[in-house]
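First residue of the sequence shown? That's 51 in my numbering, and the numbers climb one at a time after it.
Report on the structure given below.
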Amino acid sequence: MEAGANVLTKKYVRCIVCGEIMEEGTLICPVCGVGPDKFVPYEPESSRYHKDTKEVYIILGQGIAALSAATAIRERNSTCGILMISEENELPYNRPMLTKGMSKGISEEAIVIHDRQWYEEQNILLLNGKKILAIHPDKKEIQLQDGMAFMYDKCIYALGATSFIPPYKGAQLPEVVAVRSIRDAKKVRELAQKSMNAVVIGGGILGLETAWEIHKIGCKVCVVEMAPRIMPRQIGPETSQKLKDIAQSVGITIITAASVEEISGETHAEAVKLADGTLLSADMVVVSCGIRANTEIAAEAGIAIGRAVLTDANMRTNYNEIYACGDCAEFEGINYALWTEATQMGKVAGANACGELLTYQSDLYPVTFHGMNTTLYAIGDNGGTPEQGIHVVPGDNNSNDSLELYYLDQNAVVGAALLGDTTKASLVEEAVKGKRQFNELFLNKTMKNTKGETKMEKYICNVCGYEYDEAKGEPDNGIAPGTKFADLPADYVCPICGAGKDEFEKA
Ligand SMILES: Cc1cc2nc3c(=O)[nH]c(=O)nc-3n(C[C@H](O)[C@H](O)[C@H](O)COP(=O)(O)OP(=O)(O)OC[C@H]3O[C@@H](n4cnc5c(N)ncnc54)[C@H](O)[C@@H]3O)c2cc1C
Numbered sequence: 051m052e053a054g055a056n057v058l059t060k061k062y063v064r065c066i067v068c069g070e071i072m073e074e075g076t077l078i079c080p081v082c083g084v085g086p087d088k089f090v091p092y093e094p095e096s097s098r099y100h101k102d103t104k105e106v107y108i109i110l111g112q113g114i115a116a117l118s119a120a121t122a123i124r125e126r127n128s129t130c131g132i133l134m135i136s137e138e139n140e141l142p143y144n145r146p147m148l149t150k151g152m153s154k155g156i157s158e159e160a161i162v163i164h165d166r167q168w169y170e171e172q173n174i175l176l177l178n179g180k181k182i183l184a185i186h187p188d189k190k191e192i193q194l195q196d197g198m199a200f201m202y203d204k205c206i207y208a209l210g211a212t213s214f215i216p217p218y219k220g221a222q223l224p225e226v227v228a229v230r231s232i233r234d235a236k237k238v239r240e241l242a243q244k245s246m247n248a249v250v251i252g253g254g255i256l257g258l259e260t261a262w263e264i265h266k267i268g269c270k271v272c273v274v275e276m277a278p279r280i281m282p283r284q285i286g287p288e289t290s291q292k293l294k295d296i297a298q299s300v301g302i303t304i305i306t307a308a309s310v311e312e313i314s315g316e317t318h319a320e321a322v323k324l325a326d327g328t329l330l331s332a333d334m335v336v337v338s339c340g341i342r343a344n345t346e347i348a349a350e351a352g353i354a355i356g357r358a359v360l361t362d363a364n365m366r367t368n369y370n371e372i373y374a375c376g377d378c379a380e381f382e383g384i385n386y387a388l389w390t391e392a393t394q395m396g397k398v399a400g401a402n403a404c405g406e407l408l409t410y411q412s413d414l415y416p417v418t419f420h421g422m423n424t425t426l427y428a429i430g431d432n433g434g435t436p437e438q439g440i441h442v443v444p445g446d447n448n449s450n451d452s453l454e455l456y457y458l459d460q461n462a463v464v465g466a467a468l469l470g471d472t473t474k475a476s477l478v479e480e481a482v483k484g485k486r487q488f489n490e491l492f493l494n495k496t497m498k499n500t501k502g503e504t505k506m507e508k509y510i511c512n513v514c515g516y517e518y519d520e521a522k523g524e525p526d527n528g529i530a531p532g533t534k535f536a537d538l539p540a541d542y543v544c545p546i547c548g549a550g551k552d553e554f555e556k557a
């Protein structure tokens with residue numbers, strides 16, 4: 051079979067929650083974990099560009115950026131050599147699944163993207179368990195730690211990132227771990243099975259996902275977040291607070307605005323000491339404090355780096371024959387470090403290395419979280435730029451365990467958060483990407499909110515003293531939270547005494 055041919059005959063679906071593209075028949079989205087009810091048919095763009103050559107493409111790394119690049123190359127060039135090198139021993143796998151299935155146990159077979167036969171069919175050579183030491187652009191050579199060296203015509207730098215572990219005293223203790231690889235995820239599970247108390251440092255998505263998995267294994271978990279609230283960069287204060295409440299209600303302790311001073315213990319982790327002196331018992335510690343792009347090899351080779359490896363819109367570095375993509379790459383000042391962006395960057399890098407001219411354009415991808423018996427979907431600006439006067443307006447679905455919020459710039463929807471019930475994800479995605487007018491989408495709402503806050507009023511019934519709270523609405527009577535008093539129907543009556551609307555006065 052001609053390499054690459056089967057790519058074109060397959061059918062694909064797109065996850066409406068996170069944007070991941072998968073082969074039809076996939077049962078669970080490898081990025082966000084939702085099922086086929088959230089998948090819609092997807093027609094991939096096929097390139098007409100094709101040029102068979104005898105060139106050698108060496109791809110550094112075997113993550114999703116590397117694999118997307120390899121796939122894009124093979125689709126455009128059936129005869130070139132493609133070699134992917136990684137220090138990991140596994141076939142390329144779905145990294146986001148690491149923190150989503152930890153409690154059940156992570157098996158390589160369950161999370162690999164393609165089986166070995168696929169690489170054979172595509173004539174893509176995998177070299178595993180090999181540490182890359184250097185690139186010599188002058189000789190167009192890749193040097194491995196074990197002394198092996200390979201010559202390339204084009205090189206794709208896709209070395210990803212490494213978990214950042216702040217240099218706390220005690221960070222080297224054997225029960226301290228950060229999750230980046232299958233090995234790390236297995237270690238967390240093993241530790242959780244024999245530990246009583248776990249502390250997770252970092253209340254971002256990965257920290258919270260890991261906390262939930264450890265909790266499910268049966269360990270007592272405390273999450274320590276330095277910022278005043280959890281997931282501060284991805285979601286607004288209302289959603290943070292609700293998620294924190296939900297987490298605490300399932301038994302996970304969350305301490306915010308707290309900084310870690312050290313991990314105590316002589317030979318084993320015993321506690322996490324906070325700056326205010328609080329000691330949190332911990333026989334295991336998961337550090338989830340972000341990542342650092344793997345740039346050292348690039349920097350040594352004279353490739354320009356900023357926070358990550360600098361690329362132009364074609365994913366090309368300052369060397370003509372070297373492209374960069376994924377978590378190790380920076381474009382227009384941003385190091386995205388997201389699965390779907392890494393996939394897209396890899397595709398652009400691979401296609402352009404073959405001679406096509408594709409431009410990378412970042413898309414607006416949502417943040418998703420599954421855990422604590424709830425699900426979260428947030429997209430766009432969630433109040434991260436209050437100085438721009440973003441208003442927050444509640445949608446229809448706000449209760450003890452759910453939340454639906456829209457972030458508006460004037461009347462245009464620029465962000466949204468769904469917590470507890472994410473069935474409106476595709477509607478919300480379309481609204482945010484299209485900057486749709488909120489009034490058009492939700493005709494029964496008015497917005498007179500002030501800068502950065504939800505301005506809701508209360509109205510008192512002059513007959514019996516009942517108070518109508520716009521923020522709460524009257525869900526039992528079918529009046530959604532956030533419904534302004536002025537928008538209540540003309541025949542609205544006080545649920546206590548039956549007095550008409552004109553008997554109410556602003557509190
Ligand atoms: C636990 C976890 C959960 C995540 N969940 C989500 C999510 O829900 N949604 C989302 O959008 N993103 C998520 N991400 C981020 C996402 O996984 C990454 O953005 C994506 O995997 C990056 O792919 P990459 O190919 O750029 O890098 P990587 O996947 O990091 O691949 C880099 C490869 O290079 C290899 N390598 C590095 N240095 C060397 C060397 N010197 N020699 C040899 N090989 C080397 C590495 O071993 C690795 O195989 C998650 C990440 C983690 C860790």
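No residue lacks a Cβ here, since even glycine has one placed at the ideal position from N, Cα and C.
Label K498 either buried or exposed according to how many other C-beta atoms from any shown protein chain fall within 10 Å of its C-beta, with 16 as the threshold for buried. Within the sequence shown, residue 498 is the residue found at index 448, counting from 1. Low confidence applies to K498: its pLDDT is 38, below 50, so where it sits in the model is not reliable enough to give any reading.
Inside the stretch 313-364 only - beta strand (DSSP E) runs reaching at least 3 residues: 321-324, 329-331, 334-337, 341-343
Using the three-state DSSP reduction, which class does E105 fall into: helix, strand or coil? Taking the first residue of the sequence shown as 1, we reach residue 105 at position 55. Note: E105 maps to coil in three-state DSSP.
Could you tell me if the beta carbon of W389 falls within a distance shorter than 7 Å of some heavy atom in ligand 1? Walking along the sequence shown from the start, residue 389 turns up at place 339. W389 Cβ: within cutoff of ligand 1.
heavy atom of ligand 1 below 7 Å from V67 C-beta: Along the sequence shown, one-based indexing puts residue 67 at 17. Every heavy atom of ligand 1 is 7 Å or more from the Cβ of V67, so no.
Buried or exposed by the 16-neighbour rule on C-beta atoms within 10 Å, applied to F580: Within the shown structure, residues of the chain are numbered from 51 to 557, placing residue 580 beyond reach of any answer.
Distance cut-off 7 Å: D537 Cβ against heavy atoms of ligand 1: For this step, residue 537 is matched to residue 487 along the sequence shown. Answer for D537: no, Cβ out of range of ligand 1.
I'd like the list of long-range same chain contacts for K551, defined as Cβ closer than 6 Å, with 5 residues on each side in sequence excluded. Counting from one through the sequence shown, the residue named residue 551 turns up at place 501. Cβ within range, chain order: Y542.
Start and end residues, alpha helix (DSSP H) containing P287: Mapped onto the sequence shown, residue 287 falls at position 237. Where P287 is concerned, the enclosing alpha helix (DSSP H) stretches over 287-299.
Taking only heavy atoms of ligand 1 into account, decide whether any of them is closer than 7 Å to the Cβ of I558. The requested residue 558 does not occur in the structure, where the chain is confined to residues 51 to 557.
Between which two residues does the beta strand (DSSP E) holding Y457 run? The residue labelled residue 457 in the question sits at position 407 within the sequence shown. DSSP places Y457 in the uninterrupted beta strand (DSSP E) bounded by 453-459.
Could you pull the DSSP bridge partners for E507 from this structure? Position 457 of the sequence shown, counted from the first residue, corresponds to residue 507. Partner(s): none; E507 has no beta bridge.
G151: beta carbon under 7 Å from a heavy atom of ligand 1? Start at 1 with the first residue of the sequence shown, and residue 151 comes out as number 101. In this structure, G151 has its beta carbon at no less than 7 Å from each heavy atom of ligand 1.
Buried or exposed by the 16-neighbour rule on C-beta atoms within 10 Å, applied to S476: Looking up residue 476 in the sequence shown gives position 426. S476 should be labelled exposed.
For ligand 1, is there any heavy atom lying closer than 7 Å to the beta carbon of D377? Along the sequence shown, one-based indexing puts residue 377 at 327. Yes.
Give the C-beta separation of I280 and G315 to the nearest angstrom, bearing in mind that I take them to be a contact with Cβ-Cβ under 8 Å. By one-based count along the sequence shown, residue 280 stands at place 230. By one-based count along the sequence shown, residue 315 stands at place 265. Actually they are not in contact, since the Cβ atoms of I280 and G315 sit about 26 Å apart, beyond 8 Å.
Contacting residues, own chain, Cβ-Cβ under 7 Å from C68 (five flanking each side not counted): Numbered from its first residue, the sequence shown carries residue 68 at position 18. Counting only Cβ-Cβ distances below 7 Å, and skipping sequence neighbours, we find C79, V81, C82, T390, Y415, P416, T418.
Is A116 helix, strand or coil when you go by DSSP? For this step, residue 116 is matched to residue 66 along the sequence shown. Helix, per DSSP.
What separation, rounded to the nearest whole angstrom, lies between the Cα atoms of I232 and V463? By one-based count along the sequence shown, residue 232 stands at place 182. By one-based count along the sequence shown, residue 463 stands at place 413. Distance between the alpha carbons of I232 and V463 is about 39 Å.
Give the secondary structure of C378 by DSSP, where H, G and I count as helix, E and B as strand, and everything else as coil. Mapped onto the sequence shown, residue 378 falls at position 328. If DSSP states are grouped into helix, strand and coil, C378 belongs with the helices.
Return helix, strand or coil for N56, following the three-state DSSP convention. Stepping through the sequence shown from its first residue, residue 56 is reached at position 6. Unreliable placement is indicated for N56, whose pLDDT of 45 sits below 50; the coordinate value is still reported in the next sentence. Helix at N56.
Cβ-heavy atom distance between V250 and ligand 1 below 7 Å? Here the question's residue 250 lines up with position 200 in the sequence shown. Using a cutoff of 7 Å, the CB of V250 does not count as near ligand 1, since none of the ligand's heavy atoms is closer than that.
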